[in-house]
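**Student:**
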Amino acid sequence: LTCFEPRGAFYTFPSIAVTGLTSQEFCERLLHEAGVAVVPGDAFGESGEGHVRISYAYSMEQLQTAMEKIREFLQKNGWLKA
24 LTCFEPRGAF
34 YTFPSIAVTG
44 LTSQEFCERL
54 LHEAGVAVVP
64 GDAFGESGEG
74 HVRISYAYSM
84 EQLQTAMEKI
94 REFLQKNGWL
104 KA
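Below you can see the structure in the form of structure tokens.
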């Protein structure tokens with residue numbers, strides 16, 4: 024997933040365009056298939072569609088676990104090569 028480097032925030036806003044899913048679809052599937060909750064970009068306005076908001080105000084251990092689950096989810100669905 025592509026993403027601009029955050030500056031002064033506690034979240035990141037990666038593009039999910041490679042998946043072909045709406046931000047709502049992506050978030051629902053990620054939650055149900057990988058157990059990871061992120062916020063759909065369209066919750067922040069029309070221009071947020073095609074993105075998700077990921078907070079990183081958690082421990083490094085929790086973030087590493089979540090990122091591993093997201094990577095596995097992307098790989099399982101063919102959006103990220105191993």
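This note's numbering numbers the first residue of the sequence shown as 24 and each following residue consecutively.
Using N, Cα and C, we set each Cβ at its ideal position, and we do this for glycine too.
1) Since T35 contacts I77 with CB under 8 Å, what's their CB separation in whole angstroms?
2) Using alpha carbons as the reference points, say which of G58, A66 and G68 lies closest to E91.
3) How many angstroms separate the CA atom of F49 from the CA atom of L86?
4) Tell me which residues share the same chain as A40 and place their Cβ nearer than 6 Å to its Cβ, disregarding the 5 neighbours each side in the sequence.
5) Residue ranges of each beta strand (DSSP E) run of no fewer than 3 residues wholly in the region 39–71, ordered along the chain?
**Tutor:** Well, looking at it:
1) The residue labelled residue 35 in the question sits at position 12 within the sequence shown. The residue labelled residue 77 in the question sits at position 54 within the sequence shown. With a beta-carbon spacing of about 5 Å, T35 and I77 fall inside the 8 Å limit used to define contacts.
2) The residue given as residue 91 occupies position 68 in the sequence shown. Cα-wise, what sits closest to E91 is G58.
3) Taking the first residue of the sequence shown as 1, we reach residue 49 at position 26. Taking the first residue of the sequence shown as 1, we reach residue 86 at position 63. In a straight line, the C-alpha of F49 is about 19 Å away from that of L86.
4) Within the sequence shown, residue 40 is the residue found at index 17, counting from 1. Within the same chain, A40 has close Cβ partners G73.
5) Runs of the beta strand (DSSP E) inside the region 39–71: none found.
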